[in-house]
Structures are given as C-alpha cells and as structure tokens.
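Colleague: Sequence order for the protein chains is A and B.
Start counting the first sequence at 123; every next residue gets the next number (our numbering).
Start counting the second sequence at -8; every next residue gets the next number (our numbering).
Glycine included, each C-beta is placed from N, C-alpha and C at the ideal position.
Quick one: the structure is below, and I'll ask about it shortly.
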Amino acid sequence: MQLNDTDLIIQAQKGDQNAFEELVYRYDRNVLSIAMKYAANEDDAKDLYQEVFIRVYRGLKRFRFQSEFSTWLFRITTNVCLTYKSRNKEHLRVSINKSYEDDENEFTAKEELVYEGSSPEEITTGTDLGEIVNTAVESLSPKQKMTFILKHYEGYKIREIAEMMNCKEGTVKKYLFDAIKNLRKKLSPVYA
Amino acid sequence: MKHNEYKQLLQLSLFGELKSEQQLKLKEHLLSCEECRSELEDQKNLLELISGKKKTDVDEKILSAARYQLRGALRSEKANKNIFGSAIANITQLFTTPLKFAVVSTAMLLFGILIGNLLFSKSSGDELATQNGNENRFASLSEEISISNLRFIDSDASDGEVEFTFQASRPVRLRGKVNDPQIQSVLTYAMLNEQNPGSRLNSINAMDTEAPMKYDQDVKNALVTVVMTDKNPGVRREALKLMSKYPYDESIKQALLYVITNDTVSGLRIEALNSIIAAGSRGYKLNNEELNLFRQQMQEDENPYIKLRSKTILQEYN
C-alpha cells in the first residue's frame, strides 16, 4: 500500500532514508522541470535541483505540517532559483547587464542592437528563433522570470504561485503583467 | 471598469485565471472595443511564439544523473553530522531560555573545575586497556594543554566575576592493531574530516593492510563518502582501492557509478568502470536506470577507453 506524504515525512523525520527518497521521487520531476527552465544550462539546473533537496533534507525535521509538503517544497525551489548564482561566468556577465528592478521598462542597449534596422525575416533566418525567445525570457528580472515560468510553462495557478513565492496574488499578477510587457517589447519584431 | 483593467483581464483570460462572470464581462467589452480585440490578438501571438519553446517532459537521462548526484550529496551530508557537530548544536540550543542558561552556567562552572584539574594536576601518562585486553595504550605526549577560541559570555568584572568559553586540547598518542574499533574510529574520523589531504591519505593507507581485514560498516560508508566527495584525487584513488576490497554491495555499486559519471579524473573513472565490469562477471547485474548512465558515458565521455568499455557493457546486456 502506498504511503501518503504525511506518513513518508514522519518516517523520514525518524531517519528512514528510503522514505525520504520516496518523497523526493514524488516531486523531483517538477522541481527539475522548473530548474531546467530557470537555469542557464543543464549543470546549473542539476545544481539547483540538488540544493533544493539538500535544504529539504536539512529542514525536514522542523517541518510541522502547517502547510502542504508540496507548498513548502516549491517555496524552497523558487527561493533557491531566485538566489542562485550561476557557475557559468558568461551567464553572470549577461546578468550584470540586466536591471533587477520590478518596474523596469528598459533593457540594455546591447541586447536591443540585434533588432535595430532588421526585418522579422532577417531576424528569424539570421538567428535561431528559439535562441531569441530564450534570450528574451532570460532578460526578465528574476521574479518576473520565475512568475512567468511557473505560470506559462509549468501551468500553476496564480494562487499557487503566490504561496510558492510567499507573496500576495496581486504581487504575482504585477510580476506577470510586467513580464508580458517586457517580452512584448523584446519580441514584437519577431511575431508582429 | 476602467479600460486598463480590461487589458489586465485580457491577459488573465489567456492564462485561464478568470472567473465566469469576469469572462462574460470581458466578452461583452470585446464586442465593442477594437483596441482590446487587437490587443488580445497580439497577446495570443506572443504566447504562441513562446509556447513553441515550451518543454513539457523532463529528460530521463538528466533526471537520472541529477538523482545520482543527489544521493552522493545526501551521503556526504549524513557523514558530516559527526559527534562534535551534534554536541555543539546541543550546547548552542541550551542558550535559548533563562532557565536553560542557569543550567549551562552551572555546567560551565563544573567544566572550569575539570579544566583546572587538567591544567594543574600531575598527569602520570594514563594507560587505557581496550575491552578485549590487548596492548593499546593511550598516553599523553606532554602535560601541556593548548587553549584557543576564547569567547566571553560576560566580560564585565565589576561584580567580581567573568564568564567565558574556550577550547582546550591536549595531544594524545595511540598505538594498536589496525582492526581495533578504537583505532578504526579515529582513522575513519580523520579520513573524513582532516583538513590536510596527506593526513586523510595516511588514514586510508593505514587501514589498507595485508593482514586479514575486518569489514567494518562505518569504515565502508566513510570510504564511499570519500570516493564521491573528497576534493583530492589522490585521496579518492586510495579510498577507491580500499573500497574495492570490501564485499560488493549496493552502496559500493552506487559509489562506483557516481565516479564513472562525475569524477573529473579519467583514471579514476576507468578504475571504477573496471570494478563494475569485474562485479558483473561475478553475477552483479545493472538495472535499466544504471544502463542509461552507460549510454550517456558512451556518447559523452572524453576518454575513448571508457566509451568503448561502456559500449561493451551495453552490448552484453542486449
């Protein structure tokens, strides 16, 4: 008979390694999916994944069932993603050029230049479309990016995202609207 | 409702976040507003473009690799929860309430008496016989005690009293059989925690004896952790060699697989691979998840020997 999350957590809190692994395997695909979309590369995504579950391992003894385990887990996941610094220095150099203010409307000139004076055809044939979309999403601020990934790619409800990011639903909506606005600016030469 | 609010409803409707009455309101508004209809079309095109890059399934190979790395990290996490770390954590917890503070103060006083005894009493080179009466000897090398990490709890001497903590250590010499549990316990601690890689190496080598080995579970677990996490390749090599002398089991297999997929030194990957192949010839089989790792190595490893041997393993299973 399959144990529920509560039973697994209780056993894991007593030191049962198998129970902890079982708990991990129930949710780790989702965690890795978020990490893969948030991170710059596969190695960073695996690092994020590992950091999340190490924190869960360390904190599980103090888990008091005041929320669902999944809520707590995904809150850790979003925190780890938002505070993670990539090992890849190239990625960091790009990040330094970005502004992380939530009300930012401007992007760095470097990332805009490729589109100036170019027709959509020139853009899409000259550069892989996927690269353009990825660059656009990567250029969002961490919270806008996280909200957008959780909403659009992972399909979570705004209420769920608010729990994960430990903020109000109105704040999540603001991050989402700002993300869409910034993505439109970035990608309008391509899809218009 | 203001026009801006309708624009926000538009976005929320594309994300499936609107209640039915909000959906109805928006629908009515769209019938009469050209601007919002155009906006809706624009947003749909944007999301369609981005959705083209939507990745739905997690790559199984990446998930397998991530899980293996996590197992290694969890073993390391567990091994590092040593007695001293727990003791420090427990003592720190005692400072949380006034009542416990009183208890701790009394404990500090008793500790002070103990330290005074150590500092000022004559030590006659205590001898400690082991439980089974063989000739292990504990002897203090000198009567000097080194003191470090002095921390004041109360440095205000206006009431005639001060309070502080410090660490006191005295060198100890131990001699005995390598299979003795006390000796193994100290060497195991050293191989995991010594800062100096030479000391870690010597600890491992000290347990690699020609004499009949006693297969201790804690020593094996420590070797598994060192193989997977030690920063020094020489230390990892010696741990791998000693670990291969232990009876083959699941944790040794996982450690070998971890080395094959993660170690940056190709010599170590080859050694681990050879151990897996030798175990295979003795009847120890690999499951599908583990075979996936060899498929990955066959494609991605930079060493041609490892690629070839991985291919051989896969062919044997097919």
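1) What residues from the segment -3 to 14 of chain B come within 8 angstroms of chain A, judged by C-beta to C-beta, listed N to C?
2) Can you tell which of D145(B), P162(B), R28(B) and R161(B) has the C-alpha that lies nearest to the C-alpha of E154(B)?
3) Are the C-beta atoms of V49(B) and some chain D residue less than 7 angstroms apart?
4) Mapping DSSP to helix, strand and coil, what is D145(B)?
5) Between which two residues does the beta strand (DSSP E) containing S155(A) stretch?
6) What does Q133(A) reach in chain B if we use C-beta pairs closer than 7 angstroms?
7) Counting only beta-carbon separations shorter than 7 angstroms, does L165(B) have a partner in chain A?
8) In terms of residues, what are the limits of the alpha helix (DSSP H) holding Q158(B)?
9) Just to make sure I have the definition right: I need the residues of chain B whose C-beta is within less than 7 angstroms of the C-beta of F187(A). Which are they?
10) If the cut is a Cβ gap below 8 angstroms, which residues of chain B does E179(A) touch?
11) Using 8 angstroms for Cβ pairs, my map puts I176(A) next to A213(B). What's the rounded Cβ distance?
12) Under a three-way DSSP split, which group does D224(A) fall into?
13) In the structure shown, what three-state DSSP assignment does S192(A) receive?
14) Restricting to runs no shorter than 4 residues, where is the alpha helix (DSSP H) found entirely within the segment 210 to 286 of chain B?
15) Taking only beta-carbon positions, decide if I41(B) is within less than 7 angstroms of chain A.
16) Using CA atoms only, rank isn't needed, just tell me which of E164(A), T205(A), E143(A) and C203(A) is closest to L182(A).
17) Is K303(A) close to chain B, meaning its C-beta is less than 7 angstroms from at least one C-beta of that chain?
18) What does a CB cutoff of less than 6 angstroms around D221(B) pick up in its chain, not counting 5 residues either side in sequence?
19) Starting from R197(A), find everything on chain B with Cβ-Cβ shorter than 8 angstroms and list it in chain order.
20) Apart from the five residues just before and just after Y237(B), which ones in its own chain have a Cβ nearer than 6 angstroms to its Cβ?
21) Can at least three beta-carbon pairs, one atom from the segment 154 to 161 of chain A and one from the segment 195 to 206 of chain A, be found at a separation below 8 angstroms?
22) Which whole-angstrom value describes the C-beta separation of L40(B) and V255(A), a residue pair presumed to lie in contact below a C-beta threshold of 8 angstroms?
23) Find the nearest neighbour of D169(A) within the set L61(B), L31(B) and E25(B), judged by alpha-carbon distance.
24) Less than 7 angstroms between the C-beta atoms of E291(A) and I302(A), yes or no?
25) Measure the CB-CB distance between L9(B) and L15(B) and report whether it falls below 7 angstroms.
26) Let me know the secondary structure DSSP gives V49(B) once reduced to three states.
27) For the putative contact between L1(B) and L31(B), defined by C-beta atoms under 8 angstroms, what is the C-beta separation to the nearest angstrom?
28) Nearest CA to the CA of M198(B): which residue from G225(B), E185(B) and M234(B)?
29) In chain B, what lies closer than 9 angstroms to S261(A) by C-beta?
30) What residue does the beta strand (DSSP E) around R186(A) start on, and which one ends it?
31) Determine the extent of the alpha helix (DSSP H) in which V255(A) is found, giving its start and end residues.
32) Compute the Euclidean distance between the alpha carbons of N292(B) and I251(B), then round it to the nearest angstrom.
33) Can you pull the chain B residues whose beta carbon is under 8 angstroms from the beta carbon of R151(A), in chain order?
34) Would you verify that the beta carbon of Y171(A) is, or is not, closer than 7 angstroms to some beta carbon of chain B?
35) Is it true that the CB of D150(B) sits closer than 7 angstroms to the CB of T179(B)?
36) 7 angstroms is my cut-off, CB to CB: does V202(A) come that close to chain B?
Modeller: A quick look at the data gives this:
1) Q(-1), Q2, L3, F6 and E8
2) For this step, residue 154(B) is matched to residue 163 along the second sequence. E154(B) has its Cα closest to that of D145(B), out of D145(B), P162(B), R28(B) and R161(B).
3) Although the question refers to chain D, the structure presented lacks it and instead comprises the protein chains A and B.
4) As a working note, residue 145(B) is residue 154 in the second sequence. Reduced to three states, the DSSP call for D145(B) is strand.
5) Mapped onto the first sequence, residue 155(A) falls at position 33. No beta strand (DSSP E) holds S155(A); the alpha helix (DSSP H) holding it covers Q139 to Y160.
6) Against the first sequence, residue 133(A) aligns to sequence position 11. Simply none; closest approach about 16 angstroms.
7) For the purposes of this step, residue 165(B) is taken as residue 174 along the second sequence, with counting starting at 1. Not an interface residue.
8) Position 167 of the second sequence, counted from the start, is the residue given in the question as residue 158(B). Note, Q158(B): premise wrong, no alpha helix (DSSP H); beta strand (DSSP E) at E154 to S160.
9) For this step, residue 187(A) is matched to residue 65 along the first sequence. Within 7 angstroms Cβ-Cβ: nothing; F187(A) doesn't reach chain B, min ~22 angstroms.
10) As a working mapping, residue 179(A) is identified with position 57 in the first sequence. Inspection of the sequence shows that residue 179(A) is occupied by Tyr rather than by Glu. Those are L65 and E68, listed as they occur along chain B.
11) Start at 1 with the first residue of the first sequence, and residue 176(A) comes out as number 54. Start at 1 with the first residue of the second sequence, and residue 213(B) comes out as number 222. Not quite, the Cβ-Cβ distance comes to about 20 angstroms (not below 8 angstroms), so this is no contact.
12) For the purposes of this step, residue 224(A) is taken as the residue at position 102 of the first sequence. Only weak support exists for where D224(A) lies, its pLDDT of 37 falling under 50; the value from the coordinates is given anyway. Three-state result, D224(A): coil.
13) As a working mapping, residue 192(A) is identified with position 70 in the first sequence. Correct three-state label for S192(A): helix.
14) 224 to 234, 241 to 253 and 257 to 272
15) Stepping through the second sequence from its first residue, residue 41(B) is reached at position 50. It does: the Cβ of I41(B) has a partner Cβ on chain A nearer than 7 angstroms.
16) For the purposes of this step, residue 182(A) is taken as the residue at position 60 of the first sequence. Checking every option, the nearest Cα to that of L182(A) belongs to E143(A).
17) For the purposes of this step, residue 303(A) is identified with residue 181 of the first sequence, where counting begins at 1. No, K303(A) does not count as interfacial toward chain B.
18) In the second sequence, counting from the first residue as 1, residue 221(B) sits at position 230. If we look at D221(B) and ignore the five residues flanking it on each side, its Cβ neighbours are R227.
19) Working through the first sequence from its first residue, we reach residue 197(A) at position 75. The contacting residues do not exist; R197(A) stays about 19 angstroms from chain B at best.
20) If you number the second sequence from 1, residue 237(B) lands on position 246. If we look at Y237(B) and ignore the five residues flanking it on each side, its Cβ neighbours are Y206 and K211.
21) yes
22) Position 49 of the second sequence, counted from the first residue, corresponds to residue 40(B). Position 133 of the first sequence, counted from the first residue, corresponds to residue 255(A). The Cβ separation is near 7 angstroms, so the contact holds.
23) Taking the first sequence and counting its residues from 1, one reaches residue 169(A) at position 47. When each option's Cα is compared against that of D169(A), the closest is L61(B).
24) Taking the first residue of the first sequence as 1, we reach residue 291(A) at position 169. Taking the first residue of the first sequence as 1, we reach residue 302(A) at position 180. Result no, Cβ atoms of E291(A) and I302(A) do not sit closer than 7 angstroms.
25) Along the second sequence, read from residue 1 onward, the residue named residue 9(B) stands at position 18. Along the second sequence, read from residue 1 onward, the residue named residue 15(B) stands at position 24. No, these two residues do not count as a Cβ contact at 7 angstroms.
26) Stepping through the second sequence from its first residue, residue 49(B) is reached at position 58. Coil at V49(B), not helix or strand.
27) By 1-based counting over the second sequence, the position of residue 1(B) is 10. By 1-based counting over the second sequence, the position of residue 31(B) is 40. Between L31(B) and L1(B) the Cβ distance is about 5 angstroms, and since that is below 8 angstroms, they are a contact.
28) Taking the first residue of the second sequence as 1, we reach residue 198(B) at position 207. Checking every option, the nearest Cα to that of M198(B) belongs to M234(B).
29) Position 139 of the first sequence, counted from the start, is the residue given in the question as residue 261(A). Going along chain B, no residue has its Cβ under 9 angstroms from S261(A), so there is no contact; the nearest lies around 13 angstroms.
30) As a working note, residue 186(A) is residue 64 in the first sequence. Note, R186(A): premise wrong, no beta strand (DSSP E); not H, not E.
31) Numbered from 1 along the first sequence, position 133 holds the residue referred to as residue 255(A). Taken as a continuous stretch (DSSP letters only), the alpha helix (DSSP H) holding V255(A) covers L251 to E260.
32) Looking up residue 292(B) in the second sequence gives position 301. Looking up residue 251(B) in the second sequence gives position 260. For the sequence presented, residue 292(B) should be read as Asp rather than Asn. The alpha-carbon atoms of D292(B) and I251(B) are separated by roughly 9 angstroms.
33) Residue numbering aside, residue 151(A) sits at position 29 when the first sequence is read from its first letter. Correct list: V49 and L54.
34) Taking the first sequence and counting its residues from 1, one reaches residue 171(A) at position 49. Chain B contact via Cβ: present.
35) Numbered from its first residue, the second sequence carries residue 179(B) at position 188. Numbered from its first residue, the second sequence carries residue 150(B) at position 159. For T179(B) and D150(B), no; Cβs fall outside 7 angstroms.
36) Along the first sequence, read from residue 1 onward, the residue named residue 202(A) stands at position 80. No, its Cβ sits nowhere closer than 7 angstroms to a Cβ of chain B.
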